[in-house]
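First comes the structure, then the notes that go with it.
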Amino acid sequence: MKRFRILLLTVIALLLLALLAGCGGKKEKEEPTAEPAAVQEVATEAPTEAPTPTPEPPTATPEPQAAAPEESAPAEGGGEVDMELALAAFQKGGCGACHVIPGVPNAQGAIGPDLSDIGKMAAEWIASPDYTGKATTPEEYIRESIVDPNAFVVPECPGGPCLEGQMPTTLAQVLSPEELDAAVAYLASLTGEEEISMPAPEEVAAAPSELEPPPLTDEEFAKASEIWFQRCSGCHGVLRKGATGPALTPDKTLPKGTLALASIIYNGTPKGMPDWGKQGILTQEETELMAKFVQNEPPQPPEMSLADMLDTWKVLVPPEDRPTEPQTDRNWQNYFSVTLRDAGQVAIIDGDTKEIVNVVDTGYAVHISRMSATGRYVYVIGRDGKAVLIDLWMEKPDKVAESRACYDARSIDVSKYKGEEGDFYDKYAIIGCYWPPHFVILDGQTLEPLKIVSTRSYTYDTEEYHPEPRVASIVASHFKPEWIVNVKETGQVWLVNYTDPNNPTIKMLEAERFLHDGGWDATKRYFLVAANQRNKIVVVDAKESKVVAITDVGKIPHPGRGANWIDPEYGPVWGTTHLGEGLLAVIGTDPEGNPDYAWKVVRKIELLGGGSLFLKTHPKSKWIWMDFVLNPDEEIQRSVCVLAKDDITAPPKCWQVADYGRAVHMEYNMDGTEVWVSVWGKPDEPGKTGEIVIYDDETLEEIARIKDLMTPTGKFNVYNTVNDIY
Ligand code: DHE
Numbered sequence: 001m002k003r004f005r006i007l008l009l010t011v012i013a014l015l016l017l018a019l020l021a022g023c024g025g026k027k028e029k030e031e032p033t034a035e036p037a038a039v040q041e042v043a044t045e046a047p048t049e050a051p052t053p054t055p056e057p058p059t060a061t062p063e064p065q066a067a068a069p070e071e072s073a074p075a076e077g078g079g080e081v082d083m084e085l086a087l088a089a090f091q092k093g094g095c096g097a098c099h100v101i102p103g104v105p106n107a108q109g110a111i112g113p114d115l116s117d118i119g120k121m122a123a124e125w126i127a128s129p130d131y132t133g134k135a136t137t138p139e140e141y142i143r144e145s146i147v148d149p150n151a152f153v154v155p156e157c158p159g160g161p162c163l164e165g166q167m168p169t170t171l172a173q174v175l176s177p178e179e180l181d182a183a184v185a186y187l188a189s190l191t192g193e194e195e196i197s198m199p200a201p202e203e204v205a206a207a208p209s210e211l212e213p214p215p216l217t218d219e220e221f222a223k224a225s226e227i228w229f230q231r232c233s234g235c236h237g238v239l240r241k242g243a244t245g246p247a248l249t250p251d252k253t254l255p256k257g258t259l260a261l262a263s264i265i266y267n268g269t270p271k272g273m274p275d276w277g278k279q280g281i282l283t284q285e286e287t288e289l290m291a292k293f294v295q296n297e298p299p300q301p302p303e304m305s306l307a308d309m310l311d312t313w314k315v316l317v318p319p320e321d322r323p324t325e326p327q328t329d330r331n332w333q334n335y336f337s338v339t340l341r342d343a344g345q346v347a348i349i350d351g352d353t354k355e356i357v358n359v360v361d362t363g364y365a366v367h368i369s370r371m372s373a374t375g376r377y378v379y380v381i382g383r384d385g386k387a388v389l390i391d392l393w394m395e396k397p398d399k400v401a402e403s404r405a406c407y408d409a410r411s412i413d414v415s416k417y418k419g420e421e422g423d424f425y426d427k428y429a430i431i432g433c434y435w436p437p438h439f440v441i442l443d444g445q446t447l448e449p450l451k452i453v454s455t456r457s458y459t460y461d462t463e464e465y466h467p468e469p470r471v472a473s474i475v476a477s478h479f480k481p482e483w484i485v486n487v488k489e490t491g492q493v494w495l496v497n498y499t500d501p502n503n504p505t506i507k508m509l510e511a512e513r514f515l516h517d518g519g520w521d522a523t524k525r526y527f528l529v530a531a532n533q534r535n536k537i538v539v540v541d542a543k544e545s546k547v548v549a550i551t552d553v554g555k556i557p558h559p560g561r562g563a564n565w566i567d568p569e570y571g572p573v574w575g576t577t578h579l580g581e582g583l584l585a586v587i588g589t590d591p592e593g594n595p596d597y598a599w600k601v602v603r604k605i606e607l608l609g610g611g612s613l614f615l616k617t618h619p620k621s622k623w624i625w626m627d628f629v630l631n632p633d634e635e636i637q638r639s640v641c642v643l644a645k646d647d648i649t650a651p652p653k654c655w656q657v658a659d660y661g662r663a664v665h666m667e668y669n670m671d672g673t674e675v676w677v678s679v680w681g682k683p684d685e686p687g688k689t690g691e692i693v694i695y696d697d698e699t700l701e702e703i704a705r706i707k708d709l710m711t712p713t714g715k716f717n718v719y720n721t722v723n724d725i726y
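Per my numbering, residue 1 is the first one in the sequence shown, and the count goes up by one each step.
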């Protein structure tokens, strides 16, 4: 075995003791950055639920997966570090998945603190008044970080605040005492002044291709594949090539090892990976299973032909048997189609009376509802690619047709053009799929699938083939018989002309990678779509059929459809909140009246925290509403905030919507006088599965709760959705 030696002088170590301090995985004493910077008022409608106890993370004990180098390094105090043992410890623990550790192959993680100068930082933390642990020397501090990582959590990690519970508490148990000693001694020797090069992986570690993936039984593999579809593929892709989340192919995952991967899956990351274990959505066994699964080659999911789709197609009420005028006295244009996510249903709720008019079985975990151009039909798409058509003119609105266009989908829309080129109202529908990567044109009255168009093609910038370019948002142009189809991984916006649906023409616009969600400006001429992992908003001119701007915003913009209002200084604007930081970016949208501000970020407003998915307003409202669904802080994820349009720099008003679950997605009623907010609870907690809280938009007072709904998420008011009011 090859070994390397570095000597540290005792005297240097003693000097360092006076300076030194802190390492990875340690507790924050300063206020988290999620603390509202400019919040005037956090009124709590209901008491905050006590924090749920953090379950123990998984206890996988994978074998070391890399060959160790044959040198030893100096230990603090002038001794030697057994590098073979230290490397074995780092490999076993999967430490490099989260930390940068000089001299340790593949240790370039950016989740926990960089440990390049941990020997020095340890002393600084010990000396700090914020330190909550018991260590008195850097070595003790580092040992404490491994054995009892929550004794102290340093405030800053590369992606944001370090989170308690992120560092596995079982790490010490998977290491032998000698390995633990060696790891501590090596880390304590790192002051940031040594010149330690990162060994080339092939010098010291087996290449990922030589590492053996952890074995799984057929049953385990099938279970993991199902969990992957339900929880993971939306961000990482079916083929795990990455998009909103990073690529998770075996060449990337095998060097990290089961323990580190399981810890990430269980605890989440500040960069936006949900804490599946802590939330109680995945058990310890399931997180460990998924950690093993991602080290294996992903299964190749099946393709889907038109014949497969036709097999799923059902017309329950043929168009000729449907009512020719509304059969209800209710104000059907003020109906809301509400996703009951974990029930595989939508509820049609009367916005006037707040009564549930019907609950309709749909596909699994419905993502969105969109209305036909006349508003009469609701088109609902499930995550499983099943589309359902609901007729709102029936006395009791119900399903009249269904078909499945893919195995994994997020978007659906309809033809909305009426003009010189024809009347396409309620004529065609389009479904955008994640897997197979294609879109499908369907008959708008019956959901008969007519045409499949694959989106597999080449990235707009490097012109490299991509096997899984998924269809993200789709909107129907009002200027031309076209859909604007956003292809995520290749970064292309496709303008699909549907006048001859079996022979569609497509104009491909080069835009930006990782296109996701977006909405119209107030004139409905410009579509603004987030290129989320590129921190940009792409602006598409539907009239001129071109991209007119690509604007830098904050970290991971997530507008939903965004919000339009008139800014007292900058005129018409559109805004987006962000997943990656607490920021509202306001973009000028009036190239004619306010050309100096068009497509520029005119304001950046600091918010309560990141993790926001949606914002909403209405032309009659004085407020802009926003949620913080994926913020790691329980109080914040249950809160909404409003900003005043005419005084947007004033502190927002924020309050908790419920004492459980997460507040998600706002929608106005038809008149723009009420705002409906979902409380997204847990499907297996009776009484806390979810509800909708309704506020008076003028006074912000709560006026009603529609209780005991099964995990409500998106809500789509008929009138507002038809007229793109947001
Ligand atoms: Fe969504 C819109 C994709 C997670 C609720 N979501 C969209 C759109 C896309 C998308 C492409 C735009 C559709 C359009 O306008 O045509 N969403 C994805 C994902 O890939 C992602 C990140 C992960 C996944 O696995 O699905 C994801 N989305 C979520 C959620 O976790 C939410 C909160 C609950 C759920 O359904 O699982 C959620 N997404 C929504 C909602 C909209 C949406 C409510 C529509 C907003 C609107 O007002 O139009």
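Glycine residues also receive a C-beta, built at the ideal position from the N, C-alpha and C atoms.
Checklist line | 7 Å Cβ cutoff, T577 in contact with chain C | finding: Considering every chain present, this structure includes no chain C. It has just one protein chain.
Practice item. Sort T617, V675, S415, A151 by Cα distance to V573 and report the nearest one. Key: Taking the first residue of the sequence shown as 1, we reach residue 573 at position 573. Among T617, V675, S415, A151, the Cα nearest to that of V573 is on T617.
Note to self: Using a Cβ-Cβ cutoff of less than 6 Å, which residues in the same chain neighbour D708 once the five nearest sequence positions on both sides are dropped?
What the structure shows: Taking the sequence shown and counting its residues from 1, the one referred to as residue 708 is at position 708. Cβ within range, chain order: n/a, list empty.
ask   = Is it the case that the CB of E408 approaches a heavy atom of the ligand DHE more closely than 6 Å?
value = Residue mapping note: residue 408 aligns to position 408 of the sequence shown, counting from 1. It is worth fixing the name first, because residue 408 is Asp in this sequence and not Glu. In this structure, D408 has its CB at a distance of at least 6 Å from all heavy atoms of the ligand DHE.
Less than 7 Å separating the beta-carbons of L85 and A182? As a first step, residue 85 must be located in the sequence shown, where it is residue number 85. As a first step, residue 182 must be located in the sequence shown, where it is residue number 182. Going by C-beta atoms, L85 is nearer than 7 Å to A182.
Looking at T362 and the ligand MN, is the gap between the Cβ and the nearest heavy atom below 6 Å?
Annotation note on the ligand MN: not contained in the displayed structure, which lists the ligand DHE as its ligands.
Checklist line | Beta-carbon proximity list for M666, same chain, < 6 Å, skipping 5 on both sides | finding: By 1-based counting over the sequence shown, the position of residue 666 is 666. Excluding positions up to five away in sequence, the list reads K616, W625, V675, V677.
Would you call the stretch 312-328 in contact with the stretch 445-460, where contact means no fewer than 3 C-beta pairs closer than 8 Å?
yes
Query raised in the report: So, using beta-carbon positions, are V529 and W599 closer together than 7 Å?
Result: Residue numbering aside, residue 529 sits at position 529 when the sequence shown is read from its first letter. Residue numbering aside, residue 599 sits at position 599 when the sequence shown is read from its first letter. No, Cβ-Cβ distance for V529 and W599 is not below 7 Å.
Nearest-angstrom Cα separation, counted from Y434 out to K546: The residue labelled residue 546 in the question sits at position 546 within the sequence shown. The residue labelled residue 434 in the question sits at position 434 within the sequence shown. Rounded to whole angstroms, K546 to Y434 spans 25 Å at the Cα level.
Original post:
Of the choices W228, W393, E512, V487, whose alpha-carbon is the least far from that of N358?
Top reply: If you number the sequence shown from 1, residue 358 lands on position 358. Nearest of W228, W393, E512, V487 to N358, Cα basis: W393.
- Item | I474 CB to nearest heavy atom of the ligand DHE below 6 Å | As a position in the sequence shown, residue 474 is number 474, starting the count at 1. Because some heavy atom of the ligand DHE lies under 6 Å away, the Cβ of I474 counts as near it: yes.
- According to the Cβ coordinates, are E395 and Q327 closer than 7 Å? One-based indexing of the sequence shown puts residue 395 at position 395. One-based indexing of the sequence shown puts residue 327 at position 327. Yes.
**Report entry** For M304, the nearest candidate out of M273, T324, K386 (CA to CA)
**Finding:** Along the sequence shown, one-based indexing puts residue 304 at 304. Selected option, being the one with the closest Cα: K386.
The ligand DHE heavy atom lying under 6 Å from the CB of G112
The residue labelled residue 112 in the question sits at position 112 within the sequence shown. Every heavy atom of the ligand DHE is 6 Å or more from the Cβ of G112, so no.
Using a 10 Å radius around the Cβ and a threshold of 16 neighbouring Cβ atoms, would you call T721 buried or exposed? Here the question's residue 721 lines up with position 721 in the sequence shown. T721 is buried by the Cβ-count criterion.
Taking the C-alpha atoms as reference points, what is the distance between K524 and K480? Here residue 524 refers to the residue found at position 524 of the sequence shown. Here residue 480 refers to the residue found at position 480 of the sequence shown. Going from the Cα of K524 to the Cα of K480 covers about 12 Å.
I'd like to know whether the C-beta atoms of S477 and N486 end up nearer to each other than 7 Å.
Taking the first residue of the sequence shown as position 1, residue 477 is located at position 477. Taking the first residue of the sequence shown as position 1, residue 486 is located at position 486. Between S477 and N486, the C-beta spacing is not below 7 Å.
Counted within 10 angstroms of its Cβ, other Cβ atoms place D342 as buried (16 or more) or exposed:
Locating residue 342 in the sequence shown gives position 342, counting from the first residue. That one is buried.
Q: Could you tell me the distance, in whole angstroms, from the CA atom of P213 to the CA atom of A291?
A: Along the sequence shown, one-based indexing puts residue 213 at 213. Along the sequence shown, one-based indexing puts residue 291 at 291. One C-alpha to the other measures close to 10 Å.
Point to revise | Run of the beta strand (DSSP E) containing V665, from where it starts to where it stops | key: Position 665 of the sequence shown, counting from 1, holds the residue named residue 665. Reading off the sequence, residue 665 comes out as His, not Val. That run of the beta strand (DSSP E) goes 662-668.
Check your understanding: Cβ of T713 within 6 Å of any heavy atom in the ligand DHE?
Key -> One-based indexing of the sequence shown puts residue 713 at position 713. T713 Cβ: within cutoff of the ligand DHE.
inquiry  = On a Cα-Cα basis, can you pick out the residue from A247, G192, P436, L442 that is closest to R456?
reply    = Here residue 456 refers to the residue found at position 456 when the sequence shown is read from its first residue. When each option's Cα is compared against that of R456, the closest is P436.
Can you give me the start and stop residues for the alpha helix (DSSP H) that I265 sits inside?
-> By one-based count along the sequence shown, residue 265 stands at place 265. Residues 257-267.
So, with DSSP's three-state summary, where would you put P449?
What you label residue 449 is simply residue 449 of the sequence shown in a count that begins at 1. The answer is strand: DSSP assigns P449 an E or B state.
Using CA atoms only, rank isn't needed, just tell me which of R662, P161, E178 is closest to R143. As a position in the sequence shown, residue 143 is number 143, starting the count at 1. Ranking R662, P161, E178 by CA distance to the CA of R143 puts E178 first.
Do P734 and T169 have their C-beta atoms closer together than 7 Å? Here the chain has residues from 1 to 726 only, and residue 734 is not among them.
TODO: Identify whether P214 lies in helix, strand or coil by the three-state DSSP scheme.
DONE: Position 214 of the sequence shown, counted from the start, is the residue given in the question as residue 214. The answer is coil: DSSP assigns P214 none of H, G, I, E or B.
message = Looking only at its chain, what residues have a beta carbon closer than 8 Å to the beta carbon of E421, apart from the 5 residues adjacent to it on each side?
response = Taking the first residue of the sequence shown as position 1, residue 421 is located at position 421. Excluding sequence neighbours, E421 sits near K480, P481, T499.
Please confirm whether any heavy atom of the ligand DHE lies closer than 6 Å to the CB of S411.
Indexing the sequence shown from 1 puts residue 411 at position 411. Flag set: Cβ of S411 near the ligand DHE.
* Asked: Which of helix, strand or coil does DSSP assign to G571?
  -> For this step, residue 571 is matched to residue 571 along the sequence shown. It is a strand residue.
Check: R561 C-beta below 6 Å from any heavy atom of the ligand DHE:
As a working note, residue 561 is residue 561 in the sequence shown. R561: yes, Cβ under 6 Å from the ligand DHE.
* Asked: Which residues in the same chain have their Cβ closer than 7 Å to the Cβ of E642, if we skip the five residues on either side of it in sequence?
  -> Stepping through the sequence shown from its first residue, residue 642 is reached at position 642. Checking the displayed sequence, the identity of residue 642 turns out to be Val instead of Glu. Same-chain partners within the cutoff: W623, I624, W625, P652, K653, L700.
Q.
When you compare the CB positions of T339 and T713, do they come within less than 7 Å of one another, or not?
A. Residue mapping note: residue 339 aligns to position 339 of the sequence shown, counting from 1. Residue mapping note: residue 713 aligns to position 713 of the sequence shown, counting from 1. Their beta carbons are under 7 Å apart, which means T339 touches T713 by this criterion.
> What is the rounded straight-line gap between the Cα of V81 and the Cα of C162?
Replying inline: Working through the sequence shown from its first residue, we reach residue 81 at position 81. Working through the sequence shown from its first residue, we reach residue 162 at position 162. Distance between the alpha carbons of V81 and C162: 28 Å.
Can you give me the C-alpha to C-alpha distance between Y428 and D350, rounded to a whole angstrom? For the purposes of this step, residue 428 is taken as the residue at position 428 of the sequence shown. For the purposes of this step, residue 350 is taken as the residue at position 350 of the sequence shown. Using only the alpha carbons, I get a separation of about 27 Å.
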